[in-house]
Amino acid sequence: INLQGWTISDASGNSGGMPNFILQPDSYVIVCTGSAVAAMSTFGTTISVTSFPSLDNDGEQLSLMDANGKIIHALAYQKSWYQNTLKEDGGWSLEMIDTHNPCSGSDNWKASSNAQGGTPGQKNSVDAINTDDTPPKLLRAYTVNTTTIVAVFSEPIDSMQGATVANYQFSNGIQILSAVTKSPLFNEVQLSLSASMQLQTMYTLTASGIADCKSNTMTNNTVKVGMPEDADALDMIVNEILFNPRPTGYDYVEFYNKSQKIFDASKMYIANRNSSNDISSITQFSATPWLIFPGDYIVVTQDAESLNREYLVSHPEWVLTVSSMPSFPDAEGF
18 INLQGWTISD ASGNSGGMPN FILQPDSYVI VCTGSAVAAM STFGTTISVT
68 SFPSLDNDGE QLSLMDANGK IIHALAYQKS WYQNTLKEDG GWSLEMIDTH
118 NPCSGSDNWK ASSNAQGGTP GQKNSVDAIN TDDTPPKLLR AYTVNTTTIV
168 AVFSEPIDSM QGATVANYQF SNGIQILSAV TKSPLFNEVQ LSLSASMQLQ
218 TMYTLTASGI ADCKSNTMTN NTVKVGMPED ADALDMIVNE ILFNPRPTGY
268 DYVEFYNKSQ KIFDASKMYI ANRNSSNDIS SITQFSATPW LIFPGDYIVV
318 TQDAESLNRE YLVSHPEWVL TVSSMPSFPD AEGF
């Protein structure tokens, strides 16, 4: 494969194009910034690009595109993918476990086990067979406006099947008019509805017949959806707080929706008060829309994967990961 003109992109933009370089079958190449070529070349074949992505420590979305802008591979990594609280603090690379299963997310990545902290230019130290025989799941849906919703799946899906209107059903006699699979991750589908949704009305979306990259096909999956409203005082309450976690754990706060309204977590924030009694450390629940229905619980923490490992979490879809949490002193706080 000639990599000339290929780019790597993140949220801030695209890198410069790669040079004229032929990547042989079953071979590796290290891509880095120009100033790092000399150091990285000691590990293997290395090429450089300008404007190399910054690779945020807490996670971000990365895409590999060919010279024509076609997406070849994309992922949205998170710090929790390390599956190791010590290594996620820095100095260790994330490695894919099974390169024959490139569409899987956190289940197919972990911290490098190489003593040097990574394996640039060679087979990954965690390389193993990691079979994917699990079909995708419809995790949730959120609203864009009264006639547009977005279905969120657990993994990348077949883009053609995702864009097939017949694979969806909506409640209350409303029809699906169009479906568009969203790039670059292909784990979301935007759906247009034949009629407007109303406030304080619960709707359901069902998806079926949609496969992942390994041709595992889902059967009927149903989620709730509706129009979110603004919250009033005591509509949402703090229901549980962990401020002194185990050494391998993280603080968390659980909220309960005791109202009859639907809320959007992306419009909610958690904070504390500093020594001057001013509100500080304001953190958004979710960077993307995430609906909270009447009677639902939502948990906010810095590491959802850690929480799922340490506790019996019956609804992992109710756990939201934030980049940082306000400090919660063990003695007391506000």
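Taking our numbering, the leading residue of the sequence shown gets 18, the next gets one more, and so forth. Think of the CB as a built atom: it goes at the ideal place given N, C-alpha and C, for glycine as much as any other residue.
- The alpha-carbon of residue 287 is positioned some 29 Å away from that of residue 154.
- Using a C-beta cut-off of 8 Å, the stretch 175-192 makes contact with the stretch 202-213, since at least three inter-stretch Cβ pairs fall below that distance.
- Under the three-state reduction of DSSP output, residue 162 falls in the strand class.
- Sorting 283, 232 and 43 by C-alpha distance to the C-alpha of residue 139 places 43 at the top.
- About 6 Å separates the CB atoms of residue 274 and residue 311; that is less than 8 Å, so the two are in contact.
- Residue pairing from DSSP places residue 126 in a beta bridge opposite 113.
- Taken in chain order, the complete beta strand (DSSP E) segments of 3 or more residues contained in the stretch 244-302 are 253-259, 269-274, 286-290 and 296-301.
- The secondary-structure analysis by DSSP pairs residue 193 across a beta bridge with 210.
- The stretch 33-47 makes no contact with the stretch 85-100: fewer than 3 CB pairs, one atom from each, lie closer than 8 Å.
- Within the DSSP bridge table, the entry for residue 238 names 224 as partners.
- In this chain, residue 82 is not harboured by any alpha helix (DSSP H); it is covered by the beta strand (DSSP E) spanning 76-82.
- One thing to note: residue 127 has its Cβ no nearer than 8 Å to the Cβ of residue 146.
- With a contact defined as Cβ atoms closer than 8 Å, residue 210 and residue 193 qualify at about 7 Å.
- Beyond the five residues adjoining it in sequence on each side, residue 187 comes within less than 7 Å, by CB distance, of 193, 210, 220 and 222 in the same chain, given in chain order.
- The beta carbon of residue 340 sits closer than 6 Å to those of 75, all from its chain and outside the five residues before and after it, given in chain order.
- When secondary structure is reduced to three states using DSSP, residue 66 falls in the strand class.
- Distance check between residue 20 and each of 276, 314 and 40 places 40 closest, using alpha-carbon atoms only.
- Burial is judged here by how many other beta carbons sit within 10 angstroms of a residue's own beta carbon; residue 116 has fewer than 16 and is exposed.
- Residue 328 counts as exposed, since fewer than 16 other C-beta atoms from the protein chains shown sit within 10 angstroms of its C-beta.
- Secondary-structure assignment with DSSP links residue 337 through a beta bridge to 317.
- Rounded to the nearest angstrom, the gap between the Cα atoms of residue 331 and residue 316 is 12 Å.
- Pairing residue 23 with residue 92 gives a Cβ-Cβ distance that is not under 8 Å.
- Boundaries of the alpha helix (DSSP H) around residue 178: 176-179.
- In the DSSP assignment, the residues bridged to residue 92 are 79.
- Distance from the CA of residue 257 to the CA of residue 195, rounded to the nearest whole angstrom, comes to 41 Å.
- With a cutoff of 8 Å on beta-carbon distance, residue 304 and residue 97 are scored as not near each other.
- Separation of the CB atoms of residue 36 and residue 120 is rounded to 28 Å, and the pair is thereby denied contact status at 8 Å.
- Residue 184 is classed as buried because its beta carbon has at least 16 other beta carbons within 10 Å across all chains shown.
- Judged by DSSP secondary structure, residue 48 falls within the beta strand (DSSP E) whose first and last residues are 47-50.
- Closest in C-alpha terms to residue 170, from the list 291, 198, 25 and 107, comes 198.
- For residue 25, the uninterrupted beta strand (DSSP E) run begins and ends at 24-27, by DSSP.
- Going by DSSP, residue 215 is part of no beta strand (DSSP E) at all; its letter is neither H nor E.
- Assigned with DSSP and collapsed to three states, residue 199 falls in strand.
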